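What follows is a set of notes on a single structure, which appears directly below.
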Amino acid sequence: MKNADAHTLYNLDYLNEISEGDTEFINEVALLFISEIPNKLDSIIQHAQNERWGEATAEIHRITPNFFLFGLNDIIDKLNKMESKLRSGSRGRDIINELKDVKNEFGLIVIQLKRDYNIS
Amino acid sequence: MTILVCEDDALTLKTVEHSLKKNGYNVITAPDGGRGSEILKERGGEVDFMVTDHHMPYFSGLELLHLVRVELRLDIPVIMLTRVNTDEIRKLADSLQVDEYVTKPFNPQELCKKICNVLERNGLFPEEDIEAEIFRPKDKDKEHEL
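Protein chains in written order, with the numbering used here: chain F, 309 to 428; chain R, 12 to 157.
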């Protein structure tokens, strides 16, 4: 990790463990992570805004393990809770706002990752 | 030993591919079930093992399993990656003789251990695969020492 500081919002423990510190691999995963996830979060929000709750639930289910790669347990907890609520029938504005909060939180992580990995 | 990995999540595909290559396997990747089915139909003879996600567009993991077992009759082990093993999916996959399940987020060591266990169960463990030997079950190691 480059330019690490006390306020780093992510951690590389899992990626370091599985790659034995292979920085080239970690850089590739970081690039993939910040290019793939924002679009997926946008897609989930769009599904929710258009009341396609089944699709939103399925995509939340599918996207969640990705956050494990960067130790983003707070986001994982939020998405797991959202998925549970959706599966038990919750709908509406609260879910959309929670999704937007996750997107904003992830935006800060993207800024850090771009800074740390010199990604423009 | 060539492993076909079918997974539509690019990040999971990348990490599975990296883990398997690090353990000495040749890896063919398919970014969705449709591409996976094409590879199986066109190059099925090159594939020794398949690791597949279940929820994928065009072709699900269960449909790929059906293709392998029923249509193409390929005699290869299959591990299914799932976020949650629901009873319904598991029942269908078991009926199509899936060899093992790995739950996402996957642990690379667990995946490699399960691959080795499946290979051993099927009498397919490649003796020259020294890298993968570290994942052999301990009791088997003892047998070899004896």
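The beta carbon of each residue, even a glycine, is placed where N, CA and C say it ideally should be. Predicted model, so just to flag it, every value in this text is computed and none were measured.
Residues that DSSP places opposite residue i in a beta bridge
| i | result |
| --- | --- |
| residue 92/R | 64/R, 113/R |
| residue 17/R | 41/R, 63/R |
Local conformation of residue i per DSSP, three classes
| i | result |
| --- | --- |
| residue 365/F | helix |
| residue 321/F | helix |
| residue 106/R | helix |
| residue 397/F | coil |
| residue 315/F | coil |
| residue 428/F | coil |
| residue 151/R | With a pLDDT of only 43 at residue 151/R, under the threshold of 50, the placement of this residue in the model should not be trusted; the figure read from the coordinates follows. Note: residue 151/R maps to helix in three-state DSSP. |
| residue 81/R | helix |
| residue 72/R | helix |
| residue 378/F | helix |
| residue 390/F | helix |
Residue range of the unbroken alpha helix (DSSP H) whose run includes residue i
| i | result |
| --- | --- |
| residue 347/F | 331 to 357 |
| residue 87/R | Counting along the chain, residue 87/R falls outside any alpha helix (DSSP H), and DSSP gives it neither H nor E. |
| residue 328/F | Run containing residue 328/F: none; DSSP gives neither H nor E here. |
Cβ-based burial, residue i [other Cβ within 10 Å; buried from 16]
| i | result |
| --- | --- |
| residue 416/F | exposed |
| residue 7/R | Only positions 12 to 157 of chain R appear in the structure, and residue 7/R is not among them; the question remains open. |
| residue 115/R | buried |
| residue 357/F | exposed |
| residue 88/R | buried |
| residue 97/R | exposed |
| residue 311/F | In this prediction, residue 311/F scores a pLDDT of 47, lower than 50, which makes its location untrustworthy; no coordinate-derived value is stated. |
Chain-ordered neighbours of residue i on chain C, where CB pairs are closer than 7 angstroms
| i | result |
| --- | --- |
| residue 418/F | Protein chains in the displayed structure are F and R, and chain C is not among them. |
Quiz item: Residues in the stretch 371 to 395 of chain F with C-beta within 7 angstroms of chain R's C-beta atoms, listed in sequence order?
Solution: Against chain R - using a Cβ distance shorter than 7 angstroms - the residues of the stretch 371 to 395 of chain F are 373, 374, 376, 377.
Quiz item: Name the residues in the stretch 85 to 101 of chain R whose C-beta lies less than 7 angstroms from a C-beta of chain F; which are they?
Solution: 94
Quiz prompt | Short-range partners of chain R found in the stretch 316 to 334 of chain F, where Cβ spacing is below 7 angstroms | solution = 326, 327, 333
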